[in-house]
Amino acid sequence: MKLEIKGMSYRYSGGSSVLRDIDLELIGPELVCIIGPNGVGKSTLVKCINRLVRPGEGTVLLDGVDVSSYSRKDLAMRIGYVPPDSRDMFSIPVLDAIMIGRHNIQGWRNTEADVDAVYGIMKLLGIEDLAMRNFNRLSSGQRQMVSIARGLAMDTPVLILDEPTSNLDVRYQVYVTEMLRGIAEKKDRLIIMISHDLNIAAKYADEVVVMSEPGIVYAHGSPKEVITRQTVRDVYGVDCEIEDHSGIPHAVLGSVLRK
């Protein structure tokens, strides 16, 4: 599975530029982490990939096919998307909230295989005890786990998750990211996630995309190649030391740099 982004740019209707001439090539199976400060276009980039936002310039190719040629339904069978916020989904049980992810496969009719697949995903995430709970009465962390489960239920070759671990405690941040990497490898998937945790990205990602102002790709490569002291200083404006933990970079943050 190869995802190519060529010459992508996006500008708000008011005129400010969010993305500038983005070129990326991502090849599965792998877990790709997109990192960078707030406001540099990370969420806009993944929305453009998934056609939730139409870029002003550029193309997105999935195995050589322009994604704009797909219908919304056909694209949903190829690229899954988990948004950053888990909004209210009316008063429905968690099982039904996750089952929505299967509708890109079977339409709105649930089969026994769909139910089995969803229960398997809930068990994998350790949330099977939430199956009959009202989604709107869950904590923010529980909602986030349900949203991740719904994304996995889509069973698409490409899965995009926008800050999937932002509301999770440390244990589940590590567990979910580790699980996503395992799924990418075992099921031959390309999984793309936005993250603000440099060290989780460094440990679990196969590739890291670093975005910076003004909506550009500052660096793209293996964690060891791109998570460096200079990257952190240039992109985040924070001093740091990079320690090597068995070949994995670990950022020890220092002080904010004065401009």
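Following our numbering, the numbering of the sequence shown begins with 61 at its first residue and continues without gaps.
By construction, the Cβ of each residue, glycine as well, lies at the ideal position given by its N, Cα and C atoms.
Strictly by DSSP, which residues pair up with residue i?
{"i": "residue 140", "result": "219"}
{"i": "residue 126", "result": "121"}
{"i": "residue 256", "result": "Residue 256 pairs with nothing; no bridge assigned."}
{"i": "residue 309", "result": "304"}
{"i": "residue 251", "result": "91, 219"}
{"i": "residue 63", "result": "86, 122"}
Mapping DSSP to helix, strand and coil, what is residue i?
{"i": "residue 244", "result": "helix"}
{"i": "residue 69", "result": "strand"}
{"i": "residue 274", "result": "coil"}
{"i": "residue 279", "result": "strand"}
{"i": "residue 154", "result": "helix"}
{"i": "residue 314", "result": "strand"}
{"i": "residue 194", "result": "strand"}
{"i": "residue 134", "result": "helix"}
{"i": "residue 269", "result": "strand"}
{"i": "residue 145", "result": "coil"}
{"i": "residue 299", "result": "strand"}
{"i": "residue 161", "result": "helix"}
{"i": "residue 319", "result": "coil"}
{"i": "residue 225", "result": "coil"}
{"i": "residue 113", "result": "coil"}
{"i": "residue 231", "result": "helix"}
Go ahead and label residue i buried or exposed: buried means 16 or more other beta carbons lie within 10 angstroms of its beta carbon, across all protein chains shown.
{"i": "residue 72", "result": "exposed"}
{"i": "residue 291", "result": "buried"}
{"i": "residue 135", "result": "buried"}
{"i": "residue 181", "result": "buried"}
{"i": "residue 309", "result": "buried"}
{"i": "residue 102", "result": "buried"}
{"i": "residue 313", "result": "exposed"}
{"i": "residue 109", "result": "buried"}
{"i": "residue 274", "result": "exposed"}
{"i": "residue 87", "result": "exposed"}
{"i": "residue 230", "result": "exposed"}
{"i": "residue 236", "result": "buried"}
{"i": "residue 213", "result": "buried"}
{"i": "residue 255", "result": "buried"}
{"i": "residue 76", "result": "exposed"}
{"i": "residue 267", "result": "buried"}
{"i": "residue 317", "result": "exposed"}
Hey, quick one: how far does the beta strand (DSSP E) through residue i stretch, first residue to last?
{"i": "residue 95", "result": "90-95"}
{"i": "residue 80", "result": "77-87"}
Below 7 Å CB to CB, which residues in the same chain sit around residue i once its five sequence neighbours on both sides are set aside?
{"i": "residue 216", "result": "137, 138, 139, 140"}
{"i": "residue 107", "result": "113"}
What are the boundary residues of the alpha helix (DSSP H) that residue i is part of?
{"i": "residue 212", "result": "200-213"}
{"i": "residue 294", "result": "289-296"}
{"i": "residue 181", "result": "172-185"}
{"i": "residue 286", "result": "283-286"}
{"i": "residue 103", "result": "102-109"}
What I want to know is whether the C-beta of residue i ends up closer than 7 Å to one or more non-hydrogen atoms of the ligand FAD.
{"i": "residue 116", "result": "By its list of ligands, the structure shown contains no ligand whatsoever, and the ligand FAD lies outside what it can speak to."}
Are any of the Cβ atoms in chain C nearer than 8 Å to that of residue i?
{"i": "residue 89", "result": "Of the protein chains in the structure, only one exists, and it is not chain C."}
For residue i, which residues from the same chain have a beta carbon less than 6 Å from its beta carbon, with the 5 sequence-adjacent residues on both sides left out?
{"i": "residue 191", "result": "154, 155"}
{"i": "residue 278", "result": "270, 272, 295"}
Within a Cβ cutoff of 8 Å, which residues of the same chain sit near residue i, ignoring the five residues on either side of it in sequence?
{"i": "residue 301", "result": "289, 311, 312, 314"}
{"i": "residue 204", "result": "146, 224, 225, 226, 227, 228"}
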